[in-house]
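Residue numbering for the sequence shown follows this note's numbering, starting at 4 and increasing by one per position.
The C-beta atom is built at its ideal place from N, Cα and C for all residues, glycine as well.
Quick notes on the structure that follows.
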Amino acid sequence: MSSVKKELLLKHKVIEDVFNYQDFDSEIADVYACFENSFQELFEDYASLFNIKDYCFYIKSNDTCNAFASKREGYNIIGITNGYPILLKRKFDKEYFKNILLAGIINEKPLFEAYCDLEEDTDFDYSKFILDCSIKFTFNHEFEHILQLNSDLYNRDNYLLHENLEMTGFDIKKHVWEFDADRMASFEVLKYVFSVYKKLKAKNDEKLKCLLFVGCASMIITKSLFYFGVINQLEPKYSINKKDFYIKENSHPHPLVRCLNIIEYYFDNITEDFPRLKIEFQELLDNTIAIIKLYFDSLIPNQDIASHFLSDLEMYLDDINQYNQELYDFAIQDESIRNLLLFRNISFG
């Protein structure tokens with residue numbers, strides 16, 4: 004293990020604007036400490052697994068919600084802004100998930116009962132699980148960028164990739180790297196969901212299906228908070244500022260393009276890893292949308308965000324499918340991504 008202390012990198016100006024939360028109120032400081040520990044532990048585990056040397060995590064001074072990855076002067080760096088923990092924690096407050104078990108109503112009785120059983124399980128908490136899935140997704144998205152940078156033919160140093168959409172700077176390679184990072188992150192969330200399931204005292208296939216649906220919803224809620232311009236708003240009442248649809252523009256693929264990519268790859272891995280569950284794509288989508296609706300109806304009661312999301316998805320579905328296929332075709336020609344797929348024994352072609 005070769006973790007590098009952020010103080011050393013700050014001293015040598017490899018990183019800057021390191022956020023210090025030590026003098027904050029204890030409640031706020033605890034939030035920052037919790038997020039920092041989560042990211043540091045994940046970085047240690049994955050760096051060891053993928054033999055990544057000279058790595059560092061830090062929180063950067065910036066009030067917006069953002070996460071980033073970079074390789075600078077040979078150091079592998081993942082960071083979040085100081086806005087990320089507070090803004091995300093408030094959006095994933097327990098009160099917004101108190102009705103989540105109602106998503107089970109659209110299903111047959113055994114699956115509905117699984118939603119209820121998880122709600123009643125004192126060792127399980129929907130809001131914590133959804134927040135943890137979101138954190139796992141964000142970290143693994145950024146870690147995939149670290150792997151891309153280390154596998155890239157041109158060994159890009161001083162290269163920064165971050166999560167906030169910029170309305171400039173289209174580059175098909177950047178879109179492809181985001182496409183790949185979302186897919187790998189969704190797979191890691193799937194693995195995390197199963198790890199949570201294994202720890203349940205009472206297990207059955209319906210509970211596993213429920214957790215899989217909620218895990219998917221967590222990722223789509225996270226992306227939707229950006230899509231509808233809600234994430235960086237600190238206090239209710241929240242307002243909507245939706246991103247206009249586009250294809251080959253801007254720094255990242257459109258959030259809807261990313262959402263469908265995430266759901267489809269997540270579903271592909273469910274069907275491969277858990278064929279006995281016989282989950283249909285429509286079932287995954289229906290439950291994901293139901294959870295999204297319950298969440299956003301609670302977060303922003305005067306707006307039907309789930310209906311906006313679904314109607315937008317239907318309106319642009321052909322364009323999204325076509326562009327995601329183009330990104331996939333480009334991705335398997337990208338040397339860094341091909342190297343990573345081969346390393347993971349993932350078939351492609």
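What residue from the options has the CA that sits closest to residue i's CA?
i	options	result
R186	L12, V21, D28, A334	A334
P113	Q285, D322, K212, D337	K212
S254	E19, G172, K92, G82	G172
W180	S6, S314, K14, Y331	Y331
R261	I234, V34, S189, D126	S189
P304	Q325, F127, S6, E98	E98
I138	I265, D183, E191, L52	E191
D174	N244, D120, P256	P256
T141	I273, D337, F46	F46
D33	K14, E317, P88, D20	P88
D96	L237, F146, I282	L237
D322	Q43, F197, F53, L263	L263
E44	F132, F146, K176	F146
H178	Y249, P278, D26, G232	Y249
K251	Q336, D20, E329	E329
L90	L12, D66, S242	D66
Note down, in chain order, each residue of its chain lying with its Cβ closer than 8 angstroms to the Cβ of residue i, except the 5 sequence neighbours on either side.
i	result
P258	L168, K226, S227, F229, Y230, K246
K56	S5, A50, N79
L193	L215, G218, Y269, N272, I273, D276
V2	With the chain running from 4 to 352 in the structure shown, residue 2 is simply not present.
E209	P113, L114, E116, A117
N327	F182, V260, L263, N264, E267
L313	I292
F27	Y35
Which whole-angstrom value describes the C-beta separation of residue i and residue j, a residue pair presumed to lie in contact below a C-beta threshold of 8 angstroms?
i	j	result
I72	I149	In the sequence as presented, Ile is not what sits at residue 72; that position holds Ala. That belief holds up - the Cβ atoms of A72 and I149 are roughly 5 angstroms apart, short of 8 angstroms.
N79	Y58	4 angstroms
L134	E122	Actually they are not in contact, since the Cβ atoms of L134 and E122 sit about 16 angstroms apart, beyond 8 angstroms.
L215	I273	6 angstroms
Y298	F100	7 angstroms
I223	T291	6 angstroms
Note the first and the last residue of the continuous alpha helix (DSSP H) segment covering residue i.
i	result
S221	208-230
Y298	284-302
R261	258-276
Y61	Counting along the chain, Y61 falls outside any alpha helix (DSSP H), though it belongs to the beta strand (DSSP E) covering 58-63.
I340	338-346
K251	That residue, K251, is in no alpha helix (DSSP H); it is neither H nor E in DSSP.
K281	Counting along the chain, K281 falls outside any alpha helix (DSSP H), and DSSP gives it neither H nor E.
K9	9-14
Could you spell out where the beta strand (DSSP E) holding residue i opens and where it closes?
i	result
A205	Run containing A205: none; DSSP gives neither H nor E here.
F71	70-75
Y241	Run containing Y241: none; DSSP gives neither H nor E here.
N54	Segment: none, N54 is in no beta strand (DSSP E) and carries neither H nor E.
I308	Note, I308: premise wrong, no beta strand (DSSP E); alpha helix (DSSP H) at 308-318.
N305	Note, N305: premise wrong, no beta strand (DSSP E); not H, not E.
Y78	78-84
Beta-carbon within less than 7 angstroms of residue i's beta-carbon, same chain only, minus the 5 sequence neighbours each way: which residues are those?
i	result
F22	I62, K63, S64, N85
F355	Residue 355 is absent from the model: the chain starts at 4 and stops at 352.
L163	F71, S73
S41	I138
Give me, in chain order, the residues of the same chain whose beta-carbon lies closer than 6 angstroms to that of residue i; leave out the 5 immediate sequence neighbours on both sides.
i	result
Y118	L104, G107, C213
V69	Here residue 69 is Asn; the residue named in the question, Val, does not match the sequence. Excluding residues within five positions, the ones whose Cβ falls inside 6 angstroms are T84, H165, E166, N167.
M170	N253
D183	A334, I340
N342	S154
N102	L297
P239	none
Q151	W180, S339
N244	G232
Return yes when the C-beta of residue i is under 7 angstroms from any heavy atom of the ligand ZN, and no when it is not.
i	result
H165	Absence of the ligand ZN is noted for the structure shown, with no ligands found whatsoever.
Within the 8 angstroms Cβ cut-off, does residue i reach chain C?
i	result
Q325	Here there is only one protein chain, and chain C is not present.
Fill in: Segments assigned beta strand (DSSP E), at least 3 residues, entirely inside the stretch 93-176
162-165
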